[in-house]
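First residue of the sequence shown: 27, per the numbering used here; consecutive thereafter.
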Amino acid sequence: MCTDMGGPVNKAAYAFGVGLLSTQTYAPMAAIMAAGMVPPLALGLATLVARNKFDKAQQEGGKAALVLGLCFITEGAIPFAARDPMRVLPCCIVGGAVTGAMSMAVGG
């Protein structure tokens, strides 16, 4: 969910999770949902906590990313990833992986 933030890998993971719902296997979909919310929520929170590291446009984008993240719209993180992909993408991938693993461990 966090590798391409709304691209084909993201859509394939979501489709896989939806497919599992028909077999009453719910834990993977919970992990997908939780992991997909990580990039926009994390980057939105970062713009609030570390304001001095972001310009005004990024701070405004962070507010939008928070709202989008709460609605499970991963694309709110794309402007941050496009600006600094070498730092943002690995952090989002690790954060999403940890979140998905925690969801699976706790949920079932």
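By construction, the Cβ of each residue, glycine as well, lies at the ideal position given by its N, Cα and C atoms.
Of the choices the options, whose alpha-carbon is the least far from that of residue i?
i: residue 99; options: 43, 59, 39; result: 59
i: residue 69; options: 61, 34, 87; result: 87
i: residue 132; options: 123, 108, 73, 53; result: 53
i: residue 85; options: 61, 73, 116; result: 73
i: residue 121; options: 61, 75, 43; result: 61
i: residue 63; options: 113, 108, 36; result: 36
i: residue 90; options: 50, 47, 113, 71; result: 71
Reducing DSSP to helix, strand and coil, say where residue i ends up.
i: residue 28; result: coil
i: residue 99; result: coil
i: residue 129; result: helix
i: residue 50; result: coil
i: residue 33; result: coil
i: residue 39; result: helix
i: residue 106; result: helix
i: residue 60; result: helix
i: residue 91; result: helix
i: residue 123; result: helix
i: residue 76; result: coil
Is it right to say residue i is buried, meaning 16 or more other beta carbons lie within 10 angstroms of its own, or is it exposed?
i: residue 97; result: exposed
i: residue 106; result: buried
i: residue 125; result: buried
i: residue 67; result: buried
i: residue 78; result: exposed
i: residue 94; result: buried
So, under 8 Å CB-CB, residue i and residue j are touching, yes? Tell me the CB distance rounded to an integer number of Å.
i: residue 119; j: residue 28; result: 5 Å
i: residue 56; j: residue 129; result: 5 Å
i: residue 43; j: residue 101; result: Going by Cβ atoms, the distance from residue 43 to residue 101 rounds to 18 Å, so no, they are not a contact pair.
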